[in-house]
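S.K.: Below you will find the structure I want to go over with you.
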Amino acid sequence: MLNIPAAHAQWLEKLDITLDYDFFSSHKESPYYSESAPDLLKPMRSNSLNLMLHPEVEMEEMPINWSGLTHLTFSTRRYHFQTISPQGFEASEWTAMCLSLLSLCPNLEHCDFQMPRLWTSSEPIQLTDNAITARIITLPNLRSLKISRISEVPLGFARRLDLPVLENLTLMCEYTDPEPREGSQSSLLEFVRRFGPGLLKLTLHYIDLTQQGLYECLQSLPNVVTLRLTGERGCSFAQHAELTAELLKKMNGNKKFCPKLQNLALRLGPRDDLTNAALMDFIIARRPAARLNSGQSSNATLRSLKIKLHETPGSKSGLKDDLALRRAEVEDLEGFVLAEEFVSRQRPSWETKAVDPDLNF
14 MLNIPAAHAQ
24 WLEKLDITLD
34 YDFFSSHKES
44 PYYSESAPDL
54 LKPMRSNSLN
64 LMLHPEVEME
74 EMPINWSGLT
84 HLTFSTRRYH
94 FQTISPQGFE
104 ASEWTAMCLS
114 LLSLCPNLEH
124 CDFQMPRLWT
134 SSEPIQLTDN
144 AITARIITLP
154 NLRSLKISRI
164 SEVPLGFARR
174 LDLPVLENLT
184 LMCEYTDPEP
194 REGSQSSLLE
204 FVRRFGPGLL
214 KLTLHYIDLT
224 QQGLYECLQS
234 LPNVVTLRLT
244 GERGCSFAQH
254 AELTAELLKK
264 MNGNKKFCPK
274 LQNLALRLGP
284 RDDLTNAALM
294 DFIIARRPAA
304 RLNSGQSSNA
314 TLRSLKIKLH
324 ETPGSKSGLK
334 DDLALRRAEV
344 EDLEGFVLAE
354 EFVSRQRPSW
364 ETKAVDPDLN
374 F
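Going by this note's numbering, the letters in the sequence shown line up with residues 14 to 374, in that order.
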């Protein structure tokens with residue numbers, strides 16, 4: 014299939030290829046590509062590629078027009094690779110592969126990659142310099158980036174990326190991560206500090222952070238318009254960051270966090286403790302009348318709040334009723350969207366269906 018001339022596939026815009034590289038490894042063989050094979054992904058218009066990586070594959074040898082890619086998704090199998098070393102797939106090897114792959118794709122606009130479970134110690138991994146990882150990778154057109162299992166990304170990775178137009182960032186953690194890391198030891202916080210000032214949209218799975226780390230993240234978003242926060246986690250007893258009334262109050266303090274925020278979506282974890290009263294205070298403080306009275310008329314108006322909560326016995330809506338009772342304090346609710354959804358704790362996350370896509374992340 015990879016030998017098909019590009020001229021015979023003029024309408025091809027997306028190609029997903031999955032090869033069983035573990036099969037090749039076990040047979041001491043490598044996938045074969047003819048040196049004279051034409052590049053299948055030759056069209057100059059937008060195209061996308063989904064890759065499942067393996068460390069024994071030389072990406073440069075694959076017959077792909079890397080510079081023509083605008084959308085790239087890549088990952089590995091969930092487990093580490095025992096064939097590489099007794100310790101499995103090392104973080105440095107995976108990171109070098111990531112950076113090498115990104116360097117091949119200078120015209121990317123959207124990128125989504127997932128770190129493997131590297132079976133490393135609880136100590137944060139520090140990126141070490143070599144011929145590949147010491148370089149700065151510039152992606153001048155990348156507007157959207159999603160990283161899954163961000164806690165497995167070595168410290169220093171964000172500093173190797175130059176993303177001048179990045180505006181949409183998604184950072185997701187493993188649901189059973191170990192103890193959250195302090196600011197200087199958190200890859201998640203490193204990414205937000207580096208790229209936060211330019212972001213318009215951020216999706217943050219904050220269980221990899223301490224409470225102070227979450228404060229620092231929210232303080233690093235002067236231009237964000239849409240913010241999505243999730244505290245979903247597995248069976249963990251670590252002291253992860255939580256969404257609390259105090260946090261919302263800090264966001265509306267004298268040095269307001271996220272001053273341009275218009276859309277907020279919250280998917281609460283089982284330990285998050287937000288009362289209806291705290292949410293109402295947050296909404297009111299972000300509406301036009303409150304901003305004028307406080308002399309903060311230059312700040313944006315909150316236009317939507319969407320929230321997903323864990324269902325408990327007797328749980329019911331109530332937010333809309335509470336907002337109606339305090340309507341006199343808000344004055345102008347025209348165009349404001351308030352949505353809430355309950356999800357059972359007994360239902361696996363992959364079976365839940367969100368009413369709104371903003372709550373299904």
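No residue lacks a Cβ here, since even glycine has one placed at the ideal position from N, Cα and C.
Based on DSSP bridge pairs, tell me the residues matched to S317.
M.R.: Answer is N276 and V350.
S.K.: With the cut-off set at 8 Å, would you say E122 and L158 are in Cβ contact?
M.R.: It is not a contact, given that the beta carbons lie outside the stated cut-off.
S.K.: Express the C-alpha separation of L346 and F4 in angstroms, rounding to a whole number.
M.R.: Nothing about residue 4 can be read from this structure; the chain reaches only from 14 to 374.
S.K.: For the alpha helix (DSSP H) containing F204, list its first residue and its last residue.
M.R.: Here the alpha helix (DSSP H) through F204 covers S200 to F208.
S.K.: With DSSP as the reference, label F355 as helix, strand or coil.
M.R.: Reduced to three states, the DSSP call for F355 is strand.
S.K.: What residues in its chain sit with their C-beta under 6 Å from that of T257, if we drop five residues either side in the sequence?
M.R.: Hits under 6 Å: D286.
S.K.: Under 8 Å by Cβ, that's how I've got L281 and H323 pegged, so tell me the actual separation to the nearest angstrom.
M.R.: Yes, L281 and H323 are in contact; Cβ-Cβ is about 7 Å, under 8 Å.
S.K.: Here's a check: name, in chain order, each residue in its chain whose Cβ is nearer than 8 Å to the Cβ of N236, leaving out the five neighbours to either side.
M.R.: Answer for N236: P210, G211, L212, L213 and K273, listed in chain order.
S.K.: Should L338 be labelled buried (16 or more other beta-carbon atoms within 10 Å of its own) or exposed?
M.R.: Burial call: exposed.
S.K.: Based on Cα-Cα distance, which residue from I160, F170 and R130 lies nearest to I149?
M.R.: When each option's Cα is compared against that of I149, the closest is F170.
S.K.: With a CB to CB cut of under 6 Å and the five nearest residues on each side skipped, what residues in its chain are close to T6?
M.R.: The shown model of the chain, from 14 to 374, leaves out residue 6, and the question about it has no answer.
S.K.: Per DSSP, D175 forms a beta bridge with which residues?
M.R.: DSSP lists T151 as partners of D175.
S.K.: Tell me whether S80 sits in a helix, a strand or coil according to DSSP, three-state version.
M.R.: Here S80 sits in helix by DSSP.
S.K.: Quick one: what does DSSP say Q127 is sitting in, helix, strand or coil?
M.R.: Of the three classes helix, strand and coil, the one that applies to Q127 here is strand, per DSSP.
S.K.: Determine the contact status of L140 and L168, defining contact as a CB-CB distance below 8 Å.
M.R.: Contact: yes.
S.K.: Please name the residue, chosen from M72, P193 and K268, that lies closest to R246 on a Cα-to-Cα basis.
M.R.: Among M72, P193 and K268, the Cα nearest to that of R246 belongs to P193.
S.K.: Would you report the Cα separation of C118 and M72, rounded to the nearest angstrom?
M.R.: One C-alpha to the other measures close to 12 Å.
S.K.: At 3 residues or longer, what runs of the beta strand (DSSP E) sit wholly inside the stretch 205-259?
M.R.: Runs found: 214-218 and 239-243.
S.K.: Quick one: grab the DSSP three-state call for I160.
M.R.: Of the three classes helix, strand and coil, the one that applies to I160 here is strand, per DSSP.
S.K.: What residue from G226, G348, E195 and C230 has the CA that sits closest to L182's CA?
M.R.: The shortest C-alpha separation from L182 is found at C230.
S.K.: Would L217 and L242 qualify as a contact pair, given that the criterion is a beta-carbon distance under 8 Å?
M.R.: Yes. Within cutoff.
S.K.: By the 10 Å Cβ neighbour count, where 16 or more other Cβ atoms means buried, how is H253 classified, buried or exposed?
M.R.: Its Cβ being crowded by 16 or more others within 10 Å, H253 is buried.
S.K.: I believe L152 touches L112 by the beta-carbon criterion, under 8 Å. Please report the beta-carbon distance rounded to the nearest angstrom.
M.R.: Not really, about 11 Å apart at Cβ, beyond 8 Å.
S.K.: Tell me which same chain residues have a C-beta within less than 6 Å of the C-beta of F270, skipping the five on either side of it?
M.R.: Result list for F270: L231, Q232 and M264, in chain order.
S.K.: Pick helix, strand or coil for T288, following the three-state DSSP scheme.
M.R.: Of the three classes helix, strand and coil, the one that applies to T288 here is coil, per DSSP.
S.K.: Just reading off the beta strand (DSSP E) that L332 is part of, what are its end residues?
M.R.: Element bounds for L332: not the beta strand (DSSP E) but the alpha helix (DSSP H), L332 to L338.
S.K.: Following the continuous beta strand (DSSP E) through N373, name the residue where it begins and the one where it ends.
M.R.: Taken as a continuous stretch (DSSP letters only), N373 belongs to no beta strand (DSSP E), as it is neither H nor E.
S.K.: I need the boundaries of the beta strand (DSSP E) containing L182, first residue and last residue.
M.R.: Unbroken beta strand (DSSP E) run through L182: N181 to M185.
S.K.: Could you compute how far the alpha carbon of A313 sits from the alpha carbon of V238?
M.R.: Taking the straight line joining both Cα atoms gives about 9 Å.
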